[in-house]
Amino acid sequence: MTVGGDFDLVVVGAGHAGCEAAGAAARMGARVAVVTLHKRTIAQMPCNPAMGGIGKGHLLAEVDALGGFQGWAADRAGIQFKTLNVSRGPAVWGPRAQCDKARYSEIMRRVLSGLPRLTIVEGEVIGLLSDDGAVVGVRLADGRRFRARSTILTTGTFLGGVLHSGDERRPGGRFGERPSIGLGAELVGLGLVLRRFKTGTPPRLKRSSLDFDRLEVQHGDREPRPFSWRSSSVRNRISCWLTRTPERVQTIIEENIHRSPLFSGAIEGVGPRYCPSIEDKVVRFPHHREHTVFLEPEGLATESVYVNGLSTSLPHDVQEAVVHAVPGLEAAEFLRHGYAVEYDMVAPGQVGMDLGCRDVPGLALAGQVLGTSGYEEAAALGFLAGANAVLRGRGEDLFHPAREDSYLGVLVDDLVNRDHVEPYRMFTSRAEHRLLLGVDSARERLMGQGVRLGLVRPAAFHVEQNRWNARSRAKAMLEGMNLNPDRATREAVVQACGIEFTSPATWAQLLRRQDVDLDRAGRNIPELSSLNDEDRRIVVGSLRYEGYLDRHRREIERVRRLRRVKLPGDLDPGAIPGLSREVVEQLERHRPVTLADAERLPGMTPAATAILAGRLARGGADS
Amino acid sequence: MEMASSSGLSSALVGGADTIVARSSPAGRGGLALIRVSGRETRALAAAVIPELDMDRGWRASLVELRSSGGERIDRAVAIPYRNPRSYTGEDMLEVMVHGSPWIIRATIEAFVAAGARRAGPGEFTRRAVANGKLDLVQAEAVNELISAETAWQARVARAQIDGRLSREFAELQATLVDLLAEIEGALDFAQHDIPFDVESAEKRRRRALNQIGALLATASRGRRIRDGVRVVIVGPPNSGKSTLFNLLVGQERAIVSPHPGTTRDVVEAELEVAGVRLILKDTAGLGATSDPVEREGVRRAMGAAADADAVLLLWPADGARDAVPAAAENQPTLRVRSKWDLAGAEEVPPGWTVVSCRTGEGVGGLRDALSRMVEAEVADLGGEIAIAERHRRGLEVAAAELEGADFALPEVGAEAVRGALEAVRELTGEVGTEDLLDRIFSEFCIGK
Ligand SMILES: Cc1cc2nc3c(=O)[nH]c(=O)nc-3n(C[C@H](O)[C@H](O)[C@H](O)COP(=O)(O)OP(=O)(O)OC[C@H]3O[C@@H](n4cnc5c(N)ncnc54)[C@H](O)[C@@H]3O)c2cc1C
Chain W
171 MTVGGDFDLV VVGAGHAGCE AAGAAARMGA RVAVVTLHKR TIAQMPCNPA
221 MGGIGKGHLL AEVDALGGFQ GWAADRAGIQ FKTLNVSRGP AVWGPRAQCD
271 KARYSEIMRR VLSGLPRLTI VEGEVIGLLS DDGAVVGVRL ADGRRFRARS
321 TILTTGTFLG GVLHSGDERR PGGRFGERPS IGLGAELVGL GLVLRRFKTG
371 TPPRLKRSSL DFDRLEVQHG DREPRPFSWR SSSVRNRISC WLTRTPERVQ
421 TIIEENIHRS PLFSGAIEGV GPRYCPSIED KVVRFPHHRE HTVFLEPEGL
471 ATESVYVNGL STSLPHDVQE AVVHAVPGLE AAEFLRHGYA VEYDMVAPGQ
521 VGMDLGCRDV PGLALAGQVL GTSGYEEAAA LGFLAGANAV LRGRGEDLFH
571 PAREDSYLGV LVDDLVNRDH VEPYRMFTSR AEHRLLLGVD SARERLMGQG
621 VRLGLVRPAA FHVEQNRWNA RSRAKAMLEG MNLNPDRATR EAVVQACGIE
671 FTSPATWAQL LRRQDVDLDR AGRNIPELSS LNDEDRRIVV GSLRYEGYLD
721 RHRREIERVR RLRRVKLPGD LDPGAIPGLS REVVEQLERH RPVTLADAER
771 LPGMTPAATA ILAGRLARGG ADS
Chain A
3 MEMASSSGLS SALVGGADTI VARSSPAGRG GLALIRVSGR ETRALAAAVI
53 PELDMDRGWR ASLVELRSSG GERIDRAVAI PYRNPRSYTG EDMLEVMVHG
103 SPWIIRATIE AFVAAGARRA GPGEFTRRAV ANGKLDLVQA EAVNELISAE
153 TAWQARVARA QIDGRLSREF AELQATLVDL LAEIEGALDF AQHDIPFDVE
203 SAEKRRRRAL NQIGALLATA SRGRRIRDGV RVVIVGPPNS GKSTLFNLLV
253 GQERAIVSPH PGTTRDVVEA ELEVAGVRLI LKDTAGLGAT SDPVEREGVR
303 RAMGAAADAD AVLLLWPADG ARDAVPAAAE NQPTLRVRSK WDLAGAEEVP
353 PGWTVVSCRT GEGVGGLRDA LSRMVEAEVA DLGGEIAIAE RHRRGLEVAA
403 AELEGADFAL PEVGAEAVRG ALEAVRELTG EVGTEDLLDR IFSEFCIGK
């Protein structure tokens, strides 16, 4: 029988995906085993020392609103907080924090260890237990077996991992860690299709070897704000630095480009376009004379500094030449050289919107192994997979986030229903309803769901509810308040937001003008004084969106109507007359859950949607 | 896996599984008639109706026997098989040339229907060509225009549009908008990487897009002139010979001609082709002239009433009061004609005028030439062969309005406007299309195309 034990859920891997999956499931009441290679690398940040940003910060805020851990842990491990895009409207604010990596990992390890129904197991999973085509647990290298109704794989970059640094290549999952070899073959055996991706990381330098006189200091926000509704305040503890590559770097790289595994052909995996290595950047943007380099400390107690912008897998001597050519880094000592990792991922079209494998019952996937890149994407998917494992176990409706409601929905929908040729990273431009999906509205949109899942305290939900109610009251006041262009009022308006007006208008109308100084307006409008700083800025900023919001709301209303129409699981598209072969193929391949999902498939037309709808109204496909 | 998506256009419900049949030559009796079959089952249908036809001998004509479902001989005909994707629709196709007897045509179509084909709806062949990526929507629209072209210019513009000239213009506009959007999105999503939002550069791209739209919109009136005709109005005082000239140009006794002033009560219209362009010539009554003491005022009013014309042919009789000669129309090109030149006596030809005598025929050839030059200038002067149609004008105006309202002070709001403009242009080219739009476009087609 089983040596390890019986669980509701086994999570393989304790990276960012695995931690959220296991955490959510255990807190929802499931008995969970997390099997991971090393306890010391739980929630390790193998690349940059930052959480959040634009798009990623949106995901982080959403997972937090749903009751996940990541934002809360980042608040505690954060050492410098900075919201990006603050000069713009709230929809595109990107909260970001530099974290103390060791502390982040430590916090996650502690919180997971403290969960009563969760067991952390150190070991390597080399196979899956299956029963009649369904996965029913895992097999470890040391012979132990763990049985569970659900298994979630979150093995990151470990499947068939190969590390590259210049001409050197050796098997590995991350720096200093062995890859996971047997598991990939096991997945192929289950009929899953794997693909090869790659990603890279820059060198780490020794802090005391940098010449700070030649570096530009970058401070955090003056009033840093926490990510999580669970945190009341956060503090900046460090500064970062900035420098720029000189033109000489271009020459050095060009002369050595044949030694790069990316260009010599040694790496076949496809890397992310938007996170290019310095050799990529030099080749692709030869007209850019300089590239910005950010120097980000990896923690308070460590000397290690992350060189953001110099991701590379060039040979060590070339890396050193490049780094030493950069002002401020002339004498920099290397703690670790940059490297790239090439790994197998499971093509995400094979999972459904709940992240369960369509053709392998009992098995779900989340994180980098499903083709994403980044801690936040991994955490978001992990959360979803964990919550759904529990819901499925209870026989309840699964959590299917929709793309019109959240970035989480955009992420899953894009992954599952689109083909990807490179690691997927979240951007705000991926969301068609971006103006409605800002970090400012994440709690309003998702906290209720968090309460329903049992992961958010109702009391906390009410606090937030009061906040957004106060915002809508303030907005209504601005909409209703008429201003006359008399001298005193005009002066007051110039004072408050820097604009002149000549004919009577409401506050809201004035604030929609393109020449309003949003920052100033947020601070100075007397009618908003009851709100806190952030809420004032949200109210003022979102007024400018108004003209476009109606358009989005109408479209969303339409999509929601379609979303209420569920497609039966046994639908046979081929048996529906009037659908073209392309549409039938798309429906068979992606197996959309609702009519709204079906509508987004390539080649799907309004008429085909109408046929499907008509078919469903008449009581499903013939059988 | 790569997906062969037909650039977002419907391939569902363009008939999909059905194989369609229709007569493609005009109705009525003719020497020959063309019958077309298209769809997945073409091969099987051919086997039933033309057992001897070798579908693998594609793109070549062969002489064959057509047989009804009962095995009865219908006709000896010429058949050409086409194999997908090298056919008009992109599907397997068959074209059969039969004798033009209504019975033979009907029997042939019925034979194909009996073998499993469905009668095609209007424009269904072209719609399939669009769905299969053989034509884009803009090209497909022109197919219909080419079929109904009556003048050289109509055919020329339609041909250029089918060849993709207008599609390329739309593609360039789209490229500008995509670049603009990419610039905004890049600045929003990569703010962390120190990529600033360059408002000036965005403004430049916006202007470029607006210029591209403007240049296309400028061809709208020209498109209308080519498609609907150039409207030329003859104005002049009563009894200046307007109707006589009208008849002379039209070549038939269309207007009522009499020596008594004020005979032409209503506007009389005729169509003629001048310089390859359809020209709609209008003869006006000598408006209000009898009650007006000054003839010149009457003509001025007539010209005002002709404000919706594209050009004016101003007639002034040689025996009319010389000091009363009105100026050219303000907003339209005006061809000034001294009529009844046979009565001019020793008068010199005034500069800027064409002289004509309808009675002697003097100057009529010169007048035709002048008219021809004026029409050419009206249509061809804008250069090129591009002329957008009404649907394009509406879409482009939506795009322009979106762009003009774009708020770059908040890039995420500016991006909404650019996305809106892009959507409008994509709808033009059929990349995002609603089925209603397609229905509307293809319903104007004839069956068999
Ligand atoms: C070299 C490198 C460069 C990167 N560069 C970037 C970047 O530029 N930008 C970016 O956004 N992201 C980057 N990342 C990615 C980021 O680190 C990941 O996206 C994120 O950590 C993924 O989280 P995860 O939970 O999916 O996997 P991981 O955090 O990798 O966690 C995987 C976990 O699975 C465990 N595991 C693996 N195999 C087994 C097994 N057989 N049995 C038991 N346990 C197993 C491991 O011990 C580990 O705990 C990079 C990662 C690496 C390694």
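Each protein sequence line maps, in turn, to chains W and A. Using our numbering, read the first sequence as starting at 171 and increasing by one per residue. Using our numbering, read the second sequence as starting at 3 and increasing by one per residue. Even glycine gets a Cβ: it sits at the ideal position worked out from N, Cα and C. Small disclaimer: the values here were computed from a predicted structure and weren't measured.
For residue 274 of chain W, the shortest separation between its Cβ and any heavy atom of ligand 1 does not lie below 7 Å.
If you check the C-beta of residue 328 of chain W against ligand 1, you find a heavy atom less than 7 Å away.
The continuous beta strand (DSSP E) containing residue 464 of chain W extends over residues 462-467. Every unbroken stretch of the alpha helix (DSSP H) spanning 4 or more residues and falling wholly within the region 128-194 of chain A is given here in chain order: 139-150, 154-164, 167-191. Counting the other Cβ atoms within 10 Å of the Cβ of residue 61 of chain A gives fewer than 16, which makes it exposed. Contacts between residue 597 of chain W and chain A, judged by CB atoms closer than 7 Å, involve 191 in chain order. When secondary structure is reduced to three states using DSSP, residue 694 of chain W falls in the helix class. Two segments are said to touch when three or more pairs of C-beta atoms, one from each, lie closer than 8 Å; by this definition the region 740-751 of chain W does not touch the region 677-692 of chain W. The beta-carbon of residue 194 of chain A is placed less than 8 Å from the nearest beta-carbon of chain W. Under a 10 Å Cβ-count criterion, residue 211 of chain A is classified as buried, with 16 or more other Cβ atoms of the shown protein chains found around its own Cβ. By a beta-carbon distance limit of 8 Å, residue 539 of chain W contacts residue 324 of chain W. Their separation comes to about 6 Å.
Using a cutoff of 7 Å, the CB of residue 505 of chain W does not count as near ligand 1, since none of the ligand's heavy atoms is closer than that. Linking residue 474 of chain W to residue 448 of chain W through their CA atoms gives a straight-line distance of about 20 Å. Residue burial annotation: residue 700 of chain W is exposed, with fewer than 16 other C-beta atoms found within 10 angstroms of its C-beta. Distance between residue 306 of chain W and residue 763 of chain W, taken at the CA atoms: about 25 Å.
Residue pairing by DSSP puts residue 388 of chain W in a beta bridge opposite W:410.
For residue 254 of chain W, the C-beta contacts it makes with chain A under 9 Å involve 193, 194, in order along the chain.
Here residue 113 of chain A is buried. Its C-beta has 16 or more other C-beta atoms within 10 Å. Taking a Cβ-Cβ threshold of 8 Å, the residues of chain A close to residue 605 of chain W are 414, 415, 418, in chain order. Residue environment analysis places residue 760 of chain W among the buried positions, since at least 16 neighbouring C-beta atoms fall within 10 angstroms of its C-beta.
Shortest gap from the CB of residue 718 of chain W to any heavy atom of ligand 1: 7 Å or more. Sorting A:50, A:371, A:312, A:348 by C-alpha distance to the C-alpha of residue 339 of chain A places A:371 at the top. If you draw a straight line from the Cα of residue 549 of chain W to the Cα of residue 595 of chain W, it is about 13 Å long.
Taking a 10 Å sphere around the C-beta of residue 507 of chain W, we find 16 or more other C-beta atoms and assign the residue as buried. For residue 337 of chain A, the uninterrupted beta strand (DSSP E) run begins and ends at 336-341, by DSSP. A Cβ-Cβ distance of about 15 Å is found for the pair residue 427 of chain A and residue 391 of chain A, leaving them out of contact under the 8 Å criterion. Of the heavy atoms belonging to ligand 1, at least one sits nearer than 7 Å to the Cβ of residue 344 of chain W. Along the length of the region 213-254 of chain W, whole alpha helix (DSSP H) runs at least 4 residues long occupy 226-236, 240-247, reported in chain order. Here residue 31 of chain A has 102 as same chain residues with Cβ atoms under 6 Å from its own Cβ, once five neighbours each way along the sequence are excluded. Taking every protein chain shown into account, the CB of residue 651 of chain W has fewer than 16 other CB atoms within 10 angstroms, so this residue is exposed.
Under the 8 Å criterion on CB atoms, residue 63 of chain A is classed as non-interfacial with respect to chain W. Within chain W, not a single residue places a beta-carbon under 7 Å from that of residue 230 of chain A; the smallest gap is close to 32 Å. Against chain A, the CB of residue 261 of chain W has a partner CB under 8 Å away; the residue lies at that interface.
For residue 178 of chain W, the secondary structure class from DSSP, reduced to helix, strand or coil, is strand. The contact set of residue 408 of chain W on chain A, defined by CB atoms closer than 9 Å, is empty, because the minimum CB distance reaches about 17 Å. Using a Cβ-Cβ cut-off of 8 Å, residue 520 of chain W does not count as an interface residue toward chain A, since no Cβ of chain A sits closer than that to its own.
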